[in-house]
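In our numbering, the protein residues as written are 4 to 69. Report on the following structure.
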């Protein structure tokens, strides 16, 4: 994760946990889901043609529907 994403997530965390902002709780869940999906995509892309793209689609749906 890049520095900008780290700073944004820290800001969301502070708003959710210090200020009690409910919308920021959802933003934190979104940040986590995005990171998991991005990591799964990077792994399959690194595998090239042998990557299991059907499984990737399943993983992303599982992440988004968690």
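All C-beta atoms in this analysis are idealised placements derived from N, C-alpha and C, irrespective of residue type, glycine included.
Does DSSP put residue i in a helix, a strand or coil?
i	result
residue 42	helix
residue 22	coil
residue 69	coil
residue 51	helix
residue 5	coil
Taking its Cβ as the centre, do 16 or more other Cβ atoms sit within 10 Å of residue i, making it buried, or is it exposed?
i	result
residue 69	exposed
residue 33	exposed
residue 15	buried
Going by C-alpha distance, which of the options is nearest residue i?
i	options	result
residue 40	13, 22, 30, 60	60
residue 67	57, 35, 48	35
Quick test of your reading: residue i and residue j, contact by CB under 8 angstroms. State the CB separation rounded to the nearest angstrom.
i	j	result
residue 63	residue 43	6 angstroms
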